[in-house]
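Read the structure below first, then the notes.
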Amino acid sequence: MNKGKTAIKVISFILIMAVILAAADRVLIVKYTDGIYSIKRFYELEDDSVDVLFLGSSHVFETYNTSVLWDDYGIASFVLGGSVQPMWNTYFYMKEALKTQTPDLIVLDVFCCIFEDEYSDYSRQIKNCYGMKPSLNKLNAMLVSSSYDNVNFFFPISNYSSRYSELTQEDFLEPKDITRYKNWMGFACNYQNEVKETTRLEDSDVEKPMPQKTEKYYRKILELANEKQIPILVVVTPYPDINEDFAAVYKYAERIAGEYNVDFLNPALDPAAIGLDYSIHAAEGLHLNSAGNRIYTSYFGDYIKTHYSIHDRRGDPDYQSWEECSTYIKRLDSINQLNNQSDFDSICKQINDEQYCAVVIVGKDFSNAAEILKPLGEAESEPSNVSIYIKGQKLPWLYFTDKVTYEQIYMLFHDDLVHSDRNRLAKEYTADANAIKIVVYDTLTDDVCDVFSIAEANPKTVCR
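Residue numbers for the sequence shown follow the working numbering, beginning at -4 and rising by one.
Spelled out as structure tokens, the structure:
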């Protein structure tokens, strides 16, 4: 009898500790957007709702624009990847994905075939493993992702000890940028711009083997797709810094794909042929920018709709989250356009046309502010340094003079602070005595999206 009670106590203790550790892991885990959130968001999807599944590194999640695929083709796609993700992590992500999804097509990017290290750096090991649910699949992923003497990696809680002093309210509640991730489908646009050369490479027969470990898991991916009878397309996603050595590795990957009767596509050899110009379409040497990913995704959408049988889900109420995700991505594109404008009248037109909210702080010595602010809408009276104007409507904030905090702006649109970043809330916006500070808030992305000033000496040009 005593043995039975002891066993119950031991089991109860183990269960309680498991619950505590799981809760601690959720709170303390680093909130990476390039490898943690993507798999966590994937788990939230309805079973068998993804029609095209993209797998790979940042080459997929910064290139394959799920908004374009949805708007133009009705494709319900998801980009499941991680930063600098090696082939072995892609394999275990694929196994994890196929537990709940049976896509019409799997798209595998092979940029990682050129990686030569046996293990990724420690940060990427975490990003490509820790987001997975506890399972034998996760354990196997961890075992091949790090050397056995790296004990801390296999006990995630040990990596979080330094985060206790960094914890904020958001760690205990929803993740930051919760609006973005509510309907997120894994795509993260790169808005950088760097002038790069557009080079055409010959489709040479020269091959260069990929590392053995990479090849092993590349083959396992192709075998798993064939076993599940799911079409898989292997692709070299275009990027500026491709060279002949890299192309030789991709040629080797192409031959292996042929062994499994798997289609292989390499538009990276001749980017100009599909409309890419790296002088304007490159984010940097390894990724396309916003304009570039839209051009390439349109090309790719045409290709897969022509060569594969893929559902068009537009109009299906069960796929409303893809519509909302697309709306959000297009809003980010609009914000990027706003951030790159310098003419005040043009900015005001975009703010009014797209229903942004402009919070205006007027410097105490700024004269004739009402006239300057007319493009935002008529003000009720002459602004002062104790007033905020939201699209021309005066709101008195009598308890501050020359500044406003993010929290004050945030509370114009919320009843509480449940999903907010406490550090962000304390941020202050001030106007110089002879200037106007404008803080643009977007209710769709639920955040400040632009901040700029207007000097009295040159009111038509903004300064950021």
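The beta-carbon is built from N, C-alpha and C at its ideal position, and this holds for glycine as well.
Beta-bridge partners of Thr400 (DSSP): Glu423.
Leu219 and Ala268 have their C-alpha atoms spaced approximately 33 Å apart. Looking only at Thr174, Ala421, Arg195, Glu189, the smallest Cα-Cα distance to Ala242 is reached by Arg195.
Secondary structure of Thr440 (DSSP, three-state): coil. Rounded to the nearest whole angstrom, the C-alpha separation of Val435 and Cys444 is 6 Å.
Straight-line measurement puts the Cα of Ala365 at about 28 Å from the Cα of Ala421. Look at Val244 here: in three-state DSSP terms it is helix. For Ile330, no beta strand (DSSP E) segment is defined; the enclosing uninterrupted segment is the alpha helix (DSSP H) at 315 to 334. In the assembly as shown, Tyr38 is an exposed residue. Its beta-carbon has fewer than 16 other beta-carbons within 10 Å. Per DSSP, Phe49 is one residue of the beta strand (DSSP E) stretching across 47 to 51.
At a Cβ-Cβ threshold of 9 Å, Pro262 and Val230 count as neighbours.
Shown here, Thr95 sits in coil according to DSSP, grouped into three states, outside any helix or strand. Annotation for Asn135: no beta strand (DSSP E) segment contains it, though the alpha helix (DSSP H) segment containing it runs 131 to 140.
Burial check for Thr232: the Cβ neighbour count within 10 Å reaches 16 or more, so the residue is buried. Within the same chain, Cβ atoms closer than 8 Å to the Cβ of Leu100 are found at Asp46, Val47, Leu48, Ile225, Pro226, Ile227, Leu228, Ile299, Tyr303, Ile305, the five residues on either side in sequence being excluded.
Restricting attention to Phe87, Thr97, Phe447, Val190, the CA atom closest to the CA of Tyr273 is found in Val190.
In terms of Cα proximity to Glu111, the closest of Val201, Glu402, Gln80 is Gln80. If you draw a straight line from the Cα of Asn331 to the Cα of Tyr186, it is about 7 Å long.
Apart from the 5 residues on each side of it in sequence, Ser199 sits with its Cβ closer than 8 Å to the Cβ of Glu239, Ala242, Ala243, Lys246 in its chain, given in chain order. Using a Cβ-Cβ distance cut-off of 8 Å, the region 74 to 90 and the region 209 to 218 are in contact, since at least three pairs of beta carbons, one from each stretch, lie closer than that value. Annotation for Asp437: Tyr351, Cys444 place their beta carbon closer than 6 Å to its own, counting only its chain and skipping 5 residues before and after. The shortest C-alpha to C-alpha distance from Phe408 to any of Thr440, Ile431, Ala430 is the one to Thr440. Check the Cα spacing between Pro129 and each of Asp360, Lys35, Asp427, Glu254: the tightest is with Lys35. Rounded to the nearest whole angstrom, the C-alpha separation of Asp67 and Thr85 is 28 Å. As the crow flies, the alpha-carbon of Arg419 is around 8 Å from that of Glu402.
Counted as a single uninterrupted DSSP element, the stretch harbouring Ile109 is not any beta strand (DSSP E), since DSSP gives it neither H nor E.
Burial state of Gln315 is exposed, judged by a 10 Å Cβ sphere holding fewer than 16 other Cβ atoms. Looking from the CA of Tyr176, the closest CA among Gly372, Trp317, Thr400, Glu202 belongs to Trp317.
For Asn221, the secondary structure class from DSSP, reduced to helix, strand or coil, is helix. Counting along the chain, Ser72 sits inside the beta strand (DSSP E) bounded by residues 72 to 76. Counting C-beta atoms within 10 angstroms of its own C-beta, Thr456 has fewer than 16 neighbours from the protein chains shown and is therefore classed as exposed. With respect to Gly30, Gly51 sits apart: the two C-beta atoms are not nearer than 9 Å.
Rounded to whole angstroms, the separation of the alpha carbons of Gln336 and Tyr59 is 26 Å. A residue is called buried once 16 or more other Cβ atoms fall within 10 Å of its Cβ, and Thr209 is buried on that count. Taken through DSSP and simplified to helix, strand or coil, Ile299 comes out as helix. By DSSP's assignment, Cys184 forms no beta bridge with any residue.
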